[in-house]
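Notes for the one structure printed next.
Number of protein chains: 2
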Amino acid sequence: MNIIDHLRARAAELSDLHHVMALMQWDQEVMLPVRAAAERAQQFATMSGIAHRKEVDPALGELIRTAEADGDALSVVDQALVRRMRRDYDQSTKLPEEFVVALSALTSQALPVWVAARKNNDFASFAPLLAKLVAMSRRQADYLGYEKEPYDALLDLYEEGLTAGRVRECFDALRDPLRTMIAKAGGGRDEPPWEGEMFAVEEQIRFADRMLAMIGFDFDRGRQDRSAHPFSTGLGGCDQRVTNRYSPRSIEFIFSALHEGGHALYEQNVGADLARTPLGAGVSLGIHESQSRLWENIIGRSASFWRHCLPLLREAFPAQFGEMELGRLMRMINAVRPGLIRVEADELSYNLHVLIRFELELALINGELATTDLPAAWNERYRDYLGVAVPSDSDGVLQDIHWAHGSFGYFPTYTIGNLASAQIWHAYCAVDPEHEATIGQGDFGRIRGWLTEQIYRHGSVYPPEELLLRVTGERLNPDYFLRYLKNKFMV
Amino acid sequence: MNIIDHLRARAAELSDLHHVMALMQWDQEVMLPVRAAAERAQQFATMSGIAHRKEVDPALGELIRTAEADGDALSVVDQALVRRMRRDYDQSTKLPEEFVVALSALTSQALPVWVAARKNNDFASFAPLLAKLVAMSRRQADYLGYEKEPYDALLDLYEEGLTAGRVRECFDALRDPLRTMIAKAGGGRDEPPWEGEMFAVEEQIRFADRMLAMIGFDFDRGRQDRSAHPFSTGLGGCDQRVTNRYSPRSIEFIFSALHEGGHALYEQNVGADLARTPLGAGVSLGIHESQSRLWENIIGRSASFWRHCLPLLREAFPAQFGEMELGRLMRMINAVRPGLIRVEADELSYNLHVLIRFELELALINGELATTDLPAAWNERYRDYLGVAVPSDSDGVLQDIHWAHGSFGYFPTYTIGNLASAQIWHAYCAVDPEHEATIGQGDFGRIRGWLTEQIYRHGSVYPPEELLLRVTGERLNPDYFLRYLKNKFMV
Numbered sequence: 000m001n002i003i004d005h006l007r008a009r010a011a012e013l014s015d016l017h018h019v020m021a022l023m024q025w026d027q028e029v030m031l032p033v034r035a036a037a038e039r040a041q042q043f044a045t046m047s048g049i050a051h052r053k054e055v056d057p058a059l060g061e062l063i064r065t066a067e068a069d070g071d072a073l074s075v076v077d078q079a080l081v082r083r084m085r086r087d088y089d090q091s092t093k094l095p096e097e098f099v100v101a102l103s104a105l106t107s108q109a110l111p112v113w114v115a116a117r118k119n120n121d122f123a124s125f126a127p128l129l130a131k132l133v134a135m136s137r138r139q140a141d142y143l144g145y146e147k148e149p150y151d152a153l154l155d156l157y158e159e160g161l162t163a164g165r166v167r168e169c170f171d172a173l174r175d176p177l178r179t180m181i182a183k184a185g186g187g188r189d190e191p192p193w194e195g196e197m198f199a200v201e202e203q204i205r206f207a208d209r210m211l212a213m214i215g216f217d218f219d220r221g222r223q224d225r226s227a228h229p230f231s232t233g234l235g236g237c238d239q240r241v242t243n244r245y246s247p248r249s250i251e252f253i254f255s256a257l258h259e260g261g262h263a264l265y266e267q268n269v270g271a272d273l274a275r276t277p278l279g280a281g282v283s284l285g286i287h288e289s290q291s292r293l294w295e296n297i298i299g300r301s302a303s304f305w306r307h308c309l310p311l312l313r314e315a316f317p318a319q320f321g322e323m324e325l326g327r328l329m330r331m332i333n334a335v336r337p338g339l340i341r342v343e344a345d346e347l348s349y350n351l352h353v354l355i356r357f358e359l360e361l362a363l364i365n366g367e368l369a370t371t372d373l374p375a376a377w378n379e380r381y382r383d384y385l386g387v388a389v390p391s392d393s394d395g396v397l398q399d400i401h402w403a404h405g406s407f408g409y410f411p412t413y414t415i416g417n418l419a420s421a422q423i424w425h426a427y428c429a430v431d432p433e434h435e436a437t438i439g440q441g442d443f444g445r446i447r448g449w450l451t452e453q454i455y456r457h458g459s460v461y462p463p464e465e466l467l468l469r470v471t472g473e474r475l476n477p478d479y480f481l482r483y484l485k486n487k488f489m490v
Numbered sequence: 000m001n002i003i004d005h006l007r008a009r010a011a012e013l014s015d016l017h018h019v020m021a022l023m024q025w026d027q028e029v030m031l032p033v034r035a036a037a038e039r040a041q042q043f044a045t046m047s048g049i050a051h052r053k054e055v056d057p058a059l060g061e062l063i064r065t066a067e068a069d070g071d072a073l074s075v076v077d078q079a080l081v082r083r084m085r086r087d088y089d090q091s092t093k094l095p096e097e098f099v100v101a102l103s104a105l106t107s108q109a110l111p112v113w114v115a116a117r118k119n120n121d122f123a124s125f126a127p128l129l130a131k132l133v134a135m136s137r138r139q140a141d142y143l144g145y146e147k148e149p150y151d152a153l154l155d156l157y158e159e160g161l162t163a164g165r166v167r168e169c170f171d172a173l174r175d176p177l178r179t180m181i182a183k184a185g186g187g188r189d190e191p192p193w194e195g196e197m198f199a200v201e202e203q204i205r206f207a208d209r210m211l212a213m214i215g216f217d218f219d220r221g222r223q224d225r226s227a228h229p230f231s232t233g234l235g236g237c238d239q240r241v242t243n244r245y246s247p248r249s250i251e252f253i254f255s256a257l258h259e260g261g262h263a264l265y266e267q268n269v270g271a272d273l274a275r276t277p278l279g280a281g282v283s284l285g286i287h288e289s290q291s292r293l294w295e296n297i298i299g300r301s302a303s304f305w306r307h308c309l310p311l312l313r314e315a316f317p318a319q320f321g322e323m324e325l326g327r328l329m330r331m332i333n334a335v336r337p338g339l340i341r342v343e344a345d346e347l348s349y350n351l352h353v354l355i356r357f358e359l360e361l362a363l364i365n366g367e368l369a370t371t372d373l374p375a376a377w378n379e380r381y382r383d384y385l386g387v388a389v390p391s392d393s394d395g396v397l398q399d400i401h402w403a404h405g406s407f408g409y410f411p412t413y414t415i416g417n418l419a420s421a422q423i424w425h426a427y428c429a430v431d432p433e434h435e436a437t438i439g440q441g442d443f444g445r446i447r448g449w450l451t452e453q454i455y456r457h458g459s460v461y462p463p464e465e466l467l468l469r470v471t472g473e474r475l476n477p478d479y480f481l482r483y484l485k486n487k488f489m490v
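Top line first, the protein sequences correspond to chains F and U. Numbering that gives the first Met the number 0 applies: residue 0 is where the first sequence begins, and numbers increase by one. Numbering that gives the first Met the number 0 applies: residue 0 is where the second sequence begins, and numbers increase by one.
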């Protein structure tokens, strides 16, 4: 075996282990009996330990060093493989094992406390653990290293190459235009015409499956199930699993299906030659979110889409939609209602929710904000940016799991994804000027084909910034997203 | 850590890995998208390799040796732990790695060939691979070692301590009495009164769940799902999964639920202190089958049981059972119909199916029968023992997966289980003379409690023979089973 074959054998084993762990997590969310959580956690710890020891194996480091010496003699994909394995190896080895264990123990401790704090509206009980999580994340950044700011090291975990400075630039360009648009869009709201429990779950499941199949989700290489929160995960190149939740009171499940379906389309169309390597999956959280948001919002909340799908919706739910006109439906699914909860936010408000979290977590990591002052800072910004009064920490600073999970630097990728979705869609529209007709005729294969060619098939071969540059000809530019929003909400 | 703690840490890691692999197999049977089979097999091979290297680690052998030196100073459970870990270690290390790989490759090759051969009634295409599998199993026996016959080594894999000689003794006691009883019972048959697709699957699932809950299956520590063939598997002490299949034409699912439920009750009631050790599961295939058969047949096909359950059945399926009397139902579910297919056989015929397989596989392993002569030998015995003509190898010698899977020595455990079930039930009846009333009142907790105390809680602490001796006061004795059959079918 040559050096690349050796590296690939190591990568394949690690890839298998990570897919097995993905199965364990999927099963935990979808199938696990209630009293099996503790033993599953133990099994997961055993698996993580085995994978971790393989990830930090000095012999792996030596293989990577040797391969790096071959450098330019390698193919583009092999160069990318070596680069990515170096990145993973460094990230794994820079953190001392006792730190990893301590951080994992701290998040295990923090999660149930956060759950209880949110339930009881008791931020004070969670604050000391949050302070510890901030301190640990700050130490994590020091271990990982950074050029300008500690926060950069955390961002880089989720979005390679992204920095706080770059996020600031993008978010500064969004803040005021979003506030202005929200203020103006107040009149666009429209309430659903039904009340009470109107949607049979079986019918919703059938419709969600139909939506997924329509955009090209391959049910021979994946499945859709129910869970408490929708998610998408890959158990291998041929096994992409999405989940959804079904409320008898709303059609939100359709947009969840399109969102998770967007993630899944990306994964299902990664080149088969990249399977069992770290290149065989979507490249970053931001680029991934650009695809979920593209299918959910840019396509899935457009008039063209519903010109095609309203007949299907009427057929599935005649009592609710039999008489509904397209215009009414569009006002309903694009209503702008600044509110308290990020995951329920409309397209305009959503990014202000993210901006607030970014500003606050950056201040926490930089030591400019104490955790005890966090609720007040949160509530002030919600009043200022979104014009809403926060009645309780449960619906405020305690609403998201991320910080309890020790994930700082994750939130910005949601908005980075929205920005990238509009920029990528702009590039698509240039090659398909009749894009509204393409959607209106349900020719999603054409759109998926272009996205596959441009993005999906490459997996993680190109770093996110480089990929965006290749696809759109420029680096991340918030103008496309703002223009998209203006065209949609300001007419 | 003392030596036992070291051993327990090793055992815990291996137990976790095996439970993760059990999850992978459960998911494969119940959830896996059709095109993901190949990559799942690869992931499974990676996991098996990791587990195997840990199982044959010389350092583990050294730990076991050291613990053995402590001998009598250890507690009963710790002595059992060391004994069991020795057994597992020897079984793993006696087989050279290249042999294990070659056997695994051969069975992977043989399985699809067997599937095609059964489909096309083409034994000749499977015969060469079967010959190789026999030869490999013979070699396996040589590696494992035996006192009297090679077949003993294979039997011991599934039923510790069982020998061909002992099986012969038991089966010789069964052969003629079974043939006589079957001939006499011919008049007891009764056809179901319905035709066509009568049973709604959703209603069957609800009823199967109800049956499981009734006998004490804990749905907080397990679940029931659908698969092509019913099975029961443990993903941990708190996660027991059973599956069932539902035909719209029969109530067979009820007996499958009780059968798999019996396996699951055993596992769910193993002492929690044995978790994450090789003692934390049922001790052998035979003892396990004694529990599935006890709940399925001895309890589940008794008049007392249906005195309790017929009202539930009438309620669930009024069209089919609303008018049916207990006597009619009993004749129907206990009809004796010697046939071709083992898994469809009645209580009397079933063990003759097993006897035939035992006699033939013993002759194969001993080199007294060539694989090419197998179909003729099979068909002759079916005519002789069961009085049925075998119209095709698909419904004859090709019907079971076991040999294609390289499993020789497995079949006898089915009948060993039946024998043990009657012997254990006899012991129960001695402490509960009102056992018919206990069942008739649905007091299954009383029966489960006794079985837990006597058998379940001990997991694998006592070897199967010793366990049976402790519970019933004697070693395996076919008389109890024959007496049970006579009482049931010859009145």
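In this text, a Cβ means the ideal position worked out from N, Cα and C, and glycines have one as well.
Residue contact with chain U for E12(F): present (Cβ-Cβ distance below 8 Å to some residue of chain U). For D478(U), the uninterrupted alpha helix (DSSP H) run begins and ends at D478 to F488, by DSSP.
Taking C-beta atoms under 8 Å as the contact rule, V490(F) and A426(F) fail to qualify, at a distance of about 23 Å. With respect to the 8 Å criterion, Y409(U) and Y157(U) are classified as neighbours on the basis of their beta carbons. Minimum Cα-Cα distance from F230(U) among the listed residues R330(U), F218(U) and R244(U) corresponds to R244(U). In this structure, the CA atom of A36(U) is about 20 Å from the CA atom of V29(F). The Cβ atoms of L59(U) and A403(U) do not sit closer than 8 Å to each other.
Taking 8 Å as the CB threshold, L143(F) stays off the interface with chain U. At least one CB of chain F lies nearer than 8 Å to the CB of F218(U). DSSP, reduced to helix, strand and coil, places Q440(F) outside both helices and strands of the structure shown, so it counts as coil. At a cut-off of 8 Å between beta carbons, V200(F) makes no contact with chain U. In the structure shown, V19(F) adopts helical secondary structure according to DSSP, grouped into three states. Counting along the chain, T242(U) sits inside the beta strand (DSSP E) bounded by residues Q239 to N243. For S107(U), the secondary structure class from DSSP, reduced to helix, strand or coil, is helix. Residues I332 and N333 of the same chain have their beta carbon placed closer than 6 Å to that of R300(U), with the five preceding and five following residues left out of the count. Under the DSSP definition of a beta bridge, D224(F) partners with T242(F). With fewer than 16 other beta carbons inside 10 angstroms of its own, D272(U) counts as exposed.
DSSP, read as helix, strand or coil, puts G233(U) in strand. Look at the segment 253-266 of chain U: it has no residue with a C-beta under 7 Å from a C-beta of chain F. Excluding residues up to 5 positions away in sequence, E295 and G299 lie with their Cβ nearer than 7 Å to the Cβ of F254(F) in the same chain. Within the segment 51-73 of chain U, not one residue has a Cβ closer than 7 Å to any Cβ of chain F.
When rounded, the separation of the alpha-carbon atoms in L363(F) and I355(F) is 12 Å.
Under the three-state reduction of DSSP output, Y265(U) falls in the helix class. A72(U) sits exposed, since fewer than 16 C-beta atoms from the chains shown fall within 10 Å of its C-beta. Under the Cβ criterion of 8 Å, C169(F) is not counted among the residues facing chain U. Membership of F218(F) in any alpha helix (DSSP H) is not indicated, and neither H nor E is assigned to it by DSSP.
Within the same chain, and ignoring the five residues on either side of I3(F) in sequence, the residues whose Cβ sits closer than 6 Å to its Cβ are D77. Segment contact: the segment 61-68 of chain F against the segment 62-71 of chain U, fewer than three CB-CB distances shorter than 8 Å; contact not assigned.
If you draw a straight line from the Cα of L6(U) to the Cα of A419(F), it is about 53 Å long. Ranked by Cα distance from R174(U), the options L481(U), K487(U), N486(U) and F488(U) are led by L481(U). Taking 8 Å as the upper bound for CB-CB distance, V75(F) and M46(F) are not in contact here, some 33 Å apart. Exposure of G326(U) is indicated by the presence of fewer than 16 other C-beta atoms within 10 angstroms of its C-beta. If the five residues before and after L328(U) are omitted, its C-beta is found closer than 7 Å to the C-beta atoms of W305 and L309, all from its own chain and listed in chain order. In its chain, beyond the 5 residues on either side, S303, R306 and H307 have a beta carbon closer than 7 Å to the beta carbon of G439(U).
Contact check between the segment 81-99 of chain U and the segment 114-134 of chain U: fewer than three CB pairs, one atom from each, fall below 8 Å, which does not count as touching.
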